[in-house]
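Report on one structure; see the data block that follows.
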Amino acid sequence: MSVPLYFSDPACMTHDPREFSPGHPDTPERLLVLERVLAERDWLGWARRAAPRASEAELELAHTPAHVRFIRELCEHGGGAIDADTFVGRPSWVAALHAAGAARELTRALLAGEGQLAFAGVRPSGHHAEAGRAMGFCLFNNVAVAAAAAIAEHGLERVLVIDWDVHHGNGTEQIFASRSDVLFVSLHQAPLYPGTGPLEYVGEGPGEGYTINLPVPPGTGEGVWMELFDRVLMPAARAYAPQLVLVSAGFDAHAADPLAGCLLRTETFAIMAGRLRELTLAAAIPLGLVLEGGYDRDVLAECVCAVLPVLAGEQEPPAPLVTASGTGRLTERAIARHGGYWPLG
Ligand code: ZN
-10 MSVPLYFSDP ACMTHDPREF SPGHPDTPER LLVLERVLAE RDWLGWARRA
40 APRASEAELE LAHTPAHVRF IRELCEHGGG AIDADTFVGR PSWVAALHAA
90 GAARELTRAL LAGEGQLAFA GVRPSGHHAE AGRAMGFCLF NNVAVAAAAA
140 IAEHGLERVL VIDWDVHHGN GTEQIFASRS DVLFVSLHQA PLYPGTGPLE
190 YVGEGPGEGY TINLPVPPGT GEGVWMELFD RVLMPAARAY APQLVLVSAG
240 FDAHAADPLA GCLLRTETFA IMAGRLRELT LAAAIPLGLV LEGGYDRDVL
290 AECVCAVLPV LAGEQEPPAP LVTASGTGRL TERAIARHGG YWPLG
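Read the sequence shown against our numbering and you will find it ends at 334, with the numbers running on by one and no gaps.
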């Protein structure tokens, strides 16, 4: 097995929404602490790679030219508020180019056979950014740029995007809603920002069935979360037979996260990592994770440090807290909704 790759760039720490919104939770320190902890552990043996800037043409694989221009010009003019949560300053343009460029380069490296496993530790996050709109701390949709590039520039026909950030990945959903070459599966809390992602919505047109939303109520812990993961996400993922798996890896479903109310343990993320390792090893396909949310910076670092060794096969995944017995109500509803498209249950 080749050495796993870790993509990052110092420019990702120059984007600081606190310039316009003191107390904003998306701080450069999120990455600073993560990188300090990883450096103390010699990057867990992962090979560090520079995250280049995405080109505007690469951004336009997932975004409208008008959106790309809008972000560039707003940053050039000193920045400001895009909405109540989303701010850019002058350095945010370059930070966002490196964040999207990391995801895009991660995909290129994986598809070129330079590795089978990669992680992009970048910000600003991406999964709320729609084709023509920045929102929810996100400027460009990093994972969507990567998935779109895998298809448009590498000729892939099936890319699986798993979004385990606690917030719904509305941007990724919107960008691929009417396409079957991306299967988008999101586990998220509802109600919660941005208020999208109902179980009922499955995509549209040729993309019908290729969006799987698995909303869970606040207070959801590992039992229900992993039941949905194992009974819905995993069987659909296997049946789709993806050629590449990308993960919108947010860590804000952790019980300690200040922005949401799910109750996952650090170990829950490592358990999910173990499942993804199984899935991608069995199918001999590459796996790339792109950082999204996670707003307790110590817990974010702890989660990434728990996930990477399991992905790399250096540690066994921890034991689940509870072994699912029977089928819960949420899982039953999800199977009923998606069972017509995928072999579930
Ligand atoms: Zn989030």
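Idealized CB from N, CA, C, for every residue including glycine.
Own chain partners of residue i with C-beta closer than 6 Å, once the 5 adjacent residues on each side are dropped
i: L100; result: H143
i: I71; result: A123
i: A85; result: P113, L128 and F129
i: A133; result: A51, T161 and I164
i: H243; result: L253 and V288
Cβ-based burial, residue i [other Cβ within 10 Å; buried from 16]
i: G158; result: buried
i: D287; result: exposed
i: S44; result: exposed
i: T185; result: buried
i: E62; result: exposed
i: S(-9); result: exposed
i: E29; result: exposed
i: E321; result: exposed
i: E211; result: buried
i: G12; result: exposed
i: P(-7); result: buried
i: A39; result: exposed
i: G115; result: buried
i: G282; result: buried
i: G102; result: exposed
i: V399; result: Because the chain is modelled from -10 through 334, residue 399 falls outside the range shown and cannot be assessed.
i: G277; result: buried
i: A73; result: exposed
beta-carbon residue i near ligand 1 non-hydrogen atom, thresh 7 Å
i: V155; result: yes
i: G5; result: First, the residue type needs correcting, since residue 5 is Asp and not Gly in the sequence shown. No; taking the cut-off as 7 Å, the Cβ of D5 has no heavy atom of ligand 1 nearer than that.
i: E305; result: no
i: D74; result: no
i: D241; result: yes
i: G282; result: yes
Beta-carbon contacts of residue i that lie in its chain and below 8 Å, excluding the five residues immediately before and after
i: P275; result: L99, L100, G104, Q105, L106, A107, L233, V234 and T269
i: Y284; result: P14, D15, R19, D241, D246, P247 and L248
i: E49; result: V57
i: G208; result: G250, C251 and L252
i: A179; result: H157, G186, P187, P204, V205 and P206
i: A226; result: L149, I151, L172, V174, V234 and L268
i: G68; result: E8, F9, F76, V77, G78, R79 and S81
i: I324; result: R220, V221, T316, L333 and G334
i: H327; result: V191, G198, I201, V221, A225 and L333
i: P231; result: R147, V148, L149, L172, A272 and I274
i: V111; result: F(-4), S(-3), D(-2), C1, L20, A40, H87, A88, A91, A92, N131, V279 and L280
i: E337; result: Absent from the structure is residue 337, since the part of the chain shown begins at -10 and ends at 334.
i: T53; result: A120 and G121
i: L181; result: V155, H156, H157, P207, A249 and G250
i: A141; result: L50
Spatial neighbours of residue i in its chain, beta-carbon cut-off 7 Å, leaving aside the 5 residues before and after
i: E303; result: none
i: A228; result: W331 and P332
i: G317; result: V213 and E216
i: P307; result: E256, A259 and I260
i: R93; result: A43, E47, V134, A135 and A138
i: G196; result: F165, A166, S167, R168 and S169
i: R97; result: none
i: P309; result: E211, M215 and I260
i: L145; result: A139, Q232 and L233
i: L319; result: V205, V213 and L217
i: A55; result: G121
- [ ] Please go through the segment 147 to 220 and give each complete beta strand (DSSP E) segment of 3 or more residues, from N-terminal end onward.
- [x] 148 to 152, 171 to 178 and 200 to 205
Open item on the list: Across the segment 192 to 199 and the segment 234 to 251, are there enough close Cβ pairs to call them in contact, namely three or more that are closer than 8 Å?
Closed with: no
TODO: Evaluate contact between the segment 172 to 184 and the segment 147 to 163, counting only Cβ atoms and requiring at least three cross-stretch pairs below 8 Å.
DONE: yes
- [ ] Evaluate the contact criterion for the segment 255 to 262 versus the segment 214 to 232: three or more CB pairs, one atom per stretch, below 8 Å.
- [x] yes
Open item on the list: I'd like to know if the segment 122 to 135 and the segment 20 to 37 are in contact, where contact means that at least 3 CB-CB pairs between them fall below 8 Å.
Closed with: no
Open item on the list: Under 8 Å: do the segment 74 to 85 and the segment -5 to 11 share three or more Cβ pairs, one atom per stretch?
Closed with: yes
Task: Segment contact, 8 Å Cβ cut-off, at least three pairs: the segment 290 to 309 with the segment 19 to 29 - done: yes
Task: Start-end ranges of the alpha helix (DSSP H) lying completely within the segment 265 to 316, minimum 4 residues - done: 286 to 300
TODO: Scan the segment -10 to 33 and note each continuous alpha helix (DSSP H) run of 4 residues or more that stays entirely inside, going in chain order.
DONE: 18 to 29
TODO: Write down every uninterrupted run of the beta strand (DSSP E) in the segment 32 to 58 whose length is 3 residues or greater and which is fully enclosed by it, in chain order.
DONE: 36 to 39
TODO: Jot down the residue ranges of each uninterrupted alpha helix (DSSP H) in the segment 52 to 130, minimum 4 residues, whole runs only, in chain order.
DONE: 54 to 65 and 81 to 100
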